[in-house]
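For reference, the structure is listed below as structure tokens.
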Amino acid sequence: MTETTAPERRTVLVTGTSTGFGRLTVEALARRGHQVFAGLRDLAGRNQKASAELTALAEKEGLALRVIEIDVTDQASVDRAVRSVIETSWRLDVVVNNAGMNFAGPLEAYTAEEAHRQFDVNTLGALRVNNAAIPYLREQGHGALIQIGSLSAWLTPPFNGLYAASKAALRSLTEAWHHELASAGIESVIVDAAAYPTNIGPNAALPSDQARLAPYGETLNRFVSDLVQRSTENAEIIGSASQVSDAVVALVETPDGKRPRQTLVAPPLQYAAVQALAQKADEAARIVADDMGIGAYLATR
Numbered sequence: 005m006t007e008t009t010a011p012e013r014r015t016v017l018v019t020g021t022s023t024g025f026g027r028l029t030v031e032a033l034a035r036r037g038h039q040v041f042a043g044l045r046d047l048a049g050r051n052q053k054a055s056a057e058l059t060a061l062a063e064k065e066g067l068a069l070r071v072i073e074i075d076v077t078d079q080a081s082v083d084r085a086v087r088s089v090i091e092t093s094w095r096l097d098v099v100v101n102n103a104g105m106n107f108a109g110p111l112e113a114y115t116a117e118e119a120h121r122q123f124d125v126n127t128l129g130a131l132r133v134n135n136a137a138i139p140y141l142r143e144q145g146h147g148a149l150i151q152i153g154s155l156s157a158w159l160t161p162p163f164n165g166l167y168a169a170s171k172a173a174l175r176s177l178t179e180a181w182h183h184e185l186a187s188a189g190i191e192s193v194i195v196d197a198a199a200y201p202t203n204i205g206p207n208a209a210l211p212s213d214q215a216r217l218a219p220y221g222e223t224l225n226r227f228v229s230d231l232v233q234r235s236t237e238n239a240e241i242i243g244s245a246s247q248v249s250d251a252v253v254a255l256v257e258t259p260d261g262k263r264p265r266q267t268l269v270a271p272p273l274q275y276a277a278v279q280a281l282a283q284k285a286d287e288a289a290r291i292v293a294d295d296m297g298i299g300a301y302l303a304t305r
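In structure tokens form, the structure reads like this:
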């Protein structure tokens, strides 16, 4: 991302912008001169403060930043939001699927309903948003779908199984869109981020079944304590959440047709390990597809 050349102005819809990666991303994009629609759910309730803050920021700094209501678990809400973007700007260049939540705890203690909620937001939310946006992008002949993934999609830690599974499923959807939409000029890419300090951790939902959670109490407490201690000790190495928003901004500003399918944002050791794994996975995917006789249907990048 260069500071000396003004980027081509893009129209961007970002979901999940109340805090964390999403909030940092919309502010950074707007300050770079892009037209940004900051997606939030429940504007009159839990996100009223965030909506007011973003609106005030746009007015104060003269930014093309507009809050738009979108609940990624409701297709009608998603359709209205995407239609509103098109009617306002007459275009949509990039969708950033950032909305997410985290159920943290032992799998045994979660109900199927809780598991469905995890996937409904993290995985099916992106499916709904992209399904609403793709017809417009196809008509334009270009566009990009950027998913915010996680390193946990590559390596599943204990007590994070539902979140990791939802992000692994999101990775699979991104791959499918990447191959299926390439001929329409639509890019599907993913930013796999390490565990940076945002509200998604502190706001994690614990299982409702306390009886099944109880046997894990001591181990789970030690797990959280060790994780926090290492994160604190390595804070300088890990860096800040703005590294993720910077990566998203760079993808938004990358010329059409040139975006890498995967962007890793992680501390050095984690980056190297997952990058090596990803390269092997790409090689294996090509070998398997060729052996199945479908290699020609894989996008070249």
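Under my numbering, the first residue of the sequence shown is numbered 5, with each subsequent residue one higher. Idealized CB from N, CA, C, for every residue including glycine.
### Query
From which residue to which residue does the alpha helix (DSSP H) around E91 run?
Against the sequence shown, residue 91 aligns to sequence position 87. Here the alpha helix (DSSP H) through E91 covers 79-93.
### Message
Just to confirm the assignment: which complete beta strand (DSSP E) runs, minimum length 3, are found wholly within the region 223-300?
### Response
The qualifying runs are 266-269.
### Query
Rounded C-beta distance between V98 and A148? I'm assuming under 8 Å.
Working through the sequence shown from its first residue, we reach residue 98 at position 94. Working through the sequence shown from its first residue, we reach residue 148 at position 144. Contact flag correct, Cβ pair sits at about 5 Å.
### Query
Which same chain residues, not among the five before or five after Q79, have their C-beta less than 7 Å away from its C-beta?
Translated into the one-based positions of the sequence shown, residue 79 becomes position 75. R132.
### Query
CB L231 to CB A197, shorter than 8 Å?
The residue given as residue 231 occupies position 227 in the sequence shown. The residue given as residue 197 occupies position 193 in the sequence shown. Taking 8 Å as the Cβ cut-off, L231 and A197 do not qualify as a contacting pair.
### Task
Please state whether DSSP places N101 in a helix, a strand or coil.
As a first step, residue 101 is located in the sequence shown; it is residue number 97 there, counting from the start. DSSP places N101 in strand when its eight states are reduced to three.
### Task
Could you please give me the residues that DSSP links to T15 through a beta bridge?
Locating residue 15 in the sequence shown gives position 11, counting from the first residue. When DSSP reads this structure, T15 sits in a beta bridge with Q39.
### Task
Classify I326 as helix, strand or coil using the three-state DSSP reduction.
Residue 326 cannot be examined here, being either before or after the span of the chain that is shown, 5 to 305.
### Message
The beta strand (DSSP E) that contains R45, what's its start and end?
### Response
Walking along the sequence shown from the start, residue 45 turns up at place 41. Where R45 is concerned, there is no enclosing beta strand (DSSP E), given that its DSSP letter is neither H nor E.
### Query
Would you say T115 and Q151 are within 8 Å of each other, going by their C-beta atoms?
On the sequence shown, residue 115 is found 111 positions in, with the first residue counted as 1. On the sequence shown, residue 151 is found 147 positions in, with the first residue counted as 1. The beta carbons of T115 and Q151 sit no closer together than 8 Å.
### Task
For L28, collect the residues of the same chain with a Cβ closer than 8 Å to its Cβ; drop the 5 residues on either side in sequence, then sort them by chain order.
Within the sequence shown, the letter at position 24 stands for residue 28. For L28, where only same-chain residues beyond five positions count, the Cβ hits under 8 Å are A245, S246, V248, S249.
### Query
Which stretch, first to last residue, makes up the alpha helix (DSSP H) that contains R121?
Along the sequence shown, one-based indexing puts residue 121 at 117. R121 -> alpha helix (DSSP H) spans 116-126.
#### Entry: Burial state of P211 (16 or more Cβ within 10 Å)
The residue labelled residue 211 in the question sits at position 207 within the sequence shown. Classification for P211: buried.
#### Entry: Buried or exposed (CB count within 10 angstroms, at least 16 for buried), N164
As a first step, residue 164 is located in the sequence shown; it is residue number 160 there, counting from the start. Classification for N164: buried.
### Message
Check this for me: beta carbons of L44 and S22, under 8 Å apart or not?
### Response
For the purposes of this step, residue 44 is taken as the residue at position 40 of the sequence shown. For the purposes of this step, residue 22 is taken as the residue at position 18 of the sequence shown. Yes, they are a contact pair.
### Query
Buried or exposed: where does G221 fall if 16 or more other Cβ atoms within 10 Å of its Cβ makes it buried?
For the purposes of this step, residue 221 is identified with residue 217 of the sequence shown, where counting begins at 1. By the Cβ neighbour-count rule, G221 is exposed, with fewer than 16 other Cβ atoms within 10 Å of its own.
### Query
P201 to N102, Cα distance in whole Å?
Taking the sequence shown and counting its residues from 1, one reaches residue 201 at position 197. Taking the sequence shown and counting its residues from 1, one reaches residue 102 at position 98. Near 15 Å, if we compare the C-alpha coordinates of N102 and P201.
### Query
Where G24 and D295 are concerned, what is the direct C-alpha to C-alpha distance, given to the nearest angstrom?
Along the sequence shown, one-based indexing puts residue 24 at 20. Along the sequence shown, one-based indexing puts residue 295 at 291. Between G24 and D295, the C-alpha separation is close to 42 Å.
### Query
Where does S55 fall in DSSP's three states?
Along the sequence shown, one-based indexing puts residue 55 at 51. It is helical.
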